[in-house]
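Student: Residue numbers (this note's numbering): 207 to 447.
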């Protein structure tokens, strides 16, 4: 086993590479295990084993770009992990967004007139805003661990999901603007066969879908961030409630 000072030495080394805290702790477990294996198998002291482990991990800590989500360069290992996680969340978001899109199409054909459809359109989009507000309200205890400028020791995000939670603010604001619209153009096109405003028809179908996917993606990141904080609560002293 390594002692407290040696454990802190590994932590400090990983903090230099600005890994999100959840990834840092995962990588740290692997590195410590590897250090211990090298010490036993090669009969080396901690410093020698740690130095050798650093060399083995060198390629993982090289800086690379992931412009879709990060403004700055990030370590290769972070890109590998977040790309896999984000892709999974994006797929779920798109799937749920398509379900909502299908519901909207169903509303078009169920509505007796354009006023009824307009009301259904507004209720559907307003539900995204209300649900998001509810999520924020019921999770007030972890608000400070969500802000983008709130970081572990002032340097690291608490999780790989933290930076994407801000999409909820943008999404709610945009969805509020959508809710204020009547959204009647798809109804006029599909039910009244009025094809004079095709640009508005497409915009009214596509823009809410994109914003809904954004909100869903932000919510999924929020829930993952919350779960990550709960797993790390003994380390950072966060209430999981």
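Positions of the beta carbon are idealized from the N, C-alpha and C atoms, including for glycine.
Please report the Cβ distance between residue 346 and residue 364, rounded to the nearest whole angstrom; I am assuming they are in contact, meaning their Cβ atoms lie under 8 Å.
Tutor: Counting from one through the chain shown, the residue named residue 346 turns up at place 140. Counting from one through the chain shown, the residue named residue 364 turns up at place 158. Not a contact, Cβ separation roughly 17 Å.
Student: Mind pulling the alpha helix (DSSP H) runs of 4 or more residues that sit fully within the stretch 223-292?
Tutor: 227-248 and 252-263
Student: Would you mind reading off the limits of the alpha helix (DSSP H) that contains residue 333?
Tutor: Your numbering for residue 333 matches position 127 in the chain shown. Element bounds for residue 333: 320-344.
Student: Report back the beta-carbon spacing between residue 362 and residue 226 to the nearest angstrom; my notes put them in contact at under 8 Å.
Tutor: The residue you call residue 362 lines up with position 156 of the chain shown. The residue you call residue 226 lines up with position 20 of the chain shown. About 6 Å separates the beta carbons of residue 362 and residue 226, which is inside the 8 Å limit, making them a contact pair.
Student: Distance check for residue 257 and residue 228, CA to CA, integer angstroms please.
Tutor: In the chain shown, residue 228 corresponds to position 22, counting from 1. In the chain shown, residue 257 corresponds to position 51, counting from 1. Whole-angstrom Cα-Cα distance: 23 Å.
Student: I need the DSSP call for residue 358, collapsed to helix, strand or coil.
Tutor: For the purposes of this step, residue 358 is taken as residue 152 along the chain shown, with counting starting at 1. In the structure shown, residue 358 sits in a strand (DSSP, three-state: E or B).
Student: Using beta-carbon positions only, say whether residue 208 and residue 241 come within less than 9 Å of one another.
Tutor: On the chain shown, residue 208 is found 2 positions in, with the first residue counted as 1. On the chain shown, residue 241 is found 35 positions in, with the first residue counted as 1. In this structure, residue 208 sits near residue 241, with a CB-CB distance shorter than 9 Å.
Student: Looking only at C-alpha atoms, which of 261, 262 and 292 sits nearest to residue 276?
Tutor: Stepping through the chain shown from its first residue, residue 276 is reached at position 70. Checked all of 261, 262 and 292; the closest Cα to residue 276 is 292.
Student: So which of 394, 305, 283 and 421 has the shortest CA-CA distance to residue 366?
Tutor: Working through the chain shown from its first residue, we reach residue 366 at position 160. Ranking 394, 305, 283 and 421 by Cα distance to residue 366 puts 283 first.
Student: Output yes if chain D places a C-beta closer than 9 Å to the C-beta of residue 228; else output no.
Tutor: Of the protein chains in this structure there is only one, and it is not chain D.
Student: Are residue 332 and residue 393 touching if we call contact CB-CB under 9 Å?
Tutor: Residue 332 sits at position 126 when you count from the first residue of the chain shown. Residue 393 sits at position 187 when you count from the first residue of the chain shown. Result no, Cβ atoms of residue 332 and residue 393 do not sit closer than 9 Å.
Student: Run through DSSP, which three-state label would residue 317 get?
Tutor: If you number the chain shown from 1, residue 317 lands on position 111. Coil at residue 317, not helix or strand.
Student: Classify residue 261: buried if its beta carbon has 16 or more other beta carbons within 10 angstroms, exposed otherwise.
Tutor: For the purposes of this step, residue 261 is identified with residue 55 of the chain shown, where counting begins at 1. With fewer than 16 other Cβ atoms within 10 Å, it is exposed.
Student: Indicate the three-state DSSP secondary structure (helix, strand or coil) for residue 436 in the structure shown.
Tutor: On the chain shown, residue 436 is found 230 positions in, with the first residue counted as 1. In this structure, residue 436 counts as helix in the three-state DSSP scheme.
Student: With distances taken from CA atoms, which of 381, 413, 374 and 378 is nearest residue 429?
Tutor: Position 223 of the chain shown, counting from 1, holds the residue named residue 429. If we check each option's Cα against that of residue 429, 374 comes out closest.
Student: Going by the beta-carbon positions, is the gap between residue 214 and residue 252 smaller than 9 Å?
Tutor: On the chain shown, position 8 is the one that residue 214 refers to. On the chain shown, position 46 is the one that residue 252 refers to. It is not a contact, given that the beta carbons lie outside the stated cut-off.
Student: Here's the rule: buried if 16 or more other CB atoms are within 10 angstroms of the residue's CB, otherwise exposed. What is residue 313?
Tutor: As a first step, residue 313 must be located in the chain shown, where it is residue number 107. With 16 or more other Cβ atoms within 10 Å, it is buried.
Student: Compute the Euclidean distance between the alpha carbons of residue 454 and residue 299, then round it to the nearest angstrom.
Tutor: Nothing can be reported for residue 454: it is not among the residues displayed for the chain, which extend from 207 to 447.
Student: Grab me the residues of residue 339's own chain with a C-beta within less than 8 Å of its C-beta, minus the 5 sequence neighbours each way, in chain order.
Tutor: Counting from 1 along the chain shown, the entry for residue 339 is found at position 133. 378, listed in sequence order.
Student: For a test of the three-state rule: what should DSSP assign to residue 417, helix, strand or coil?
Tutor: Position 211 of the chain shown holds residue 417. The answer is helix: DSSP assigns residue 417 an H, G or I state.
Student: Nearest-angstrom Cα distance between residue 381 and residue 254?
Tutor: Counting from 1 along the chain shown, the entry for residue 381 is found at position 175. Counting from 1 along the chain shown, the entry for residue 254 is found at position 48. The alpha-carbon atoms of residue 381 and residue 254 are separated by roughly 56 Å.
Student: Should residue 438 be labelled buried (16 or more other beta-carbon atoms within 10 Å of its own) or exposed?
Tutor: The residue labelled residue 438 in the question sits at position 232 within the chain shown. Buried is the call here.
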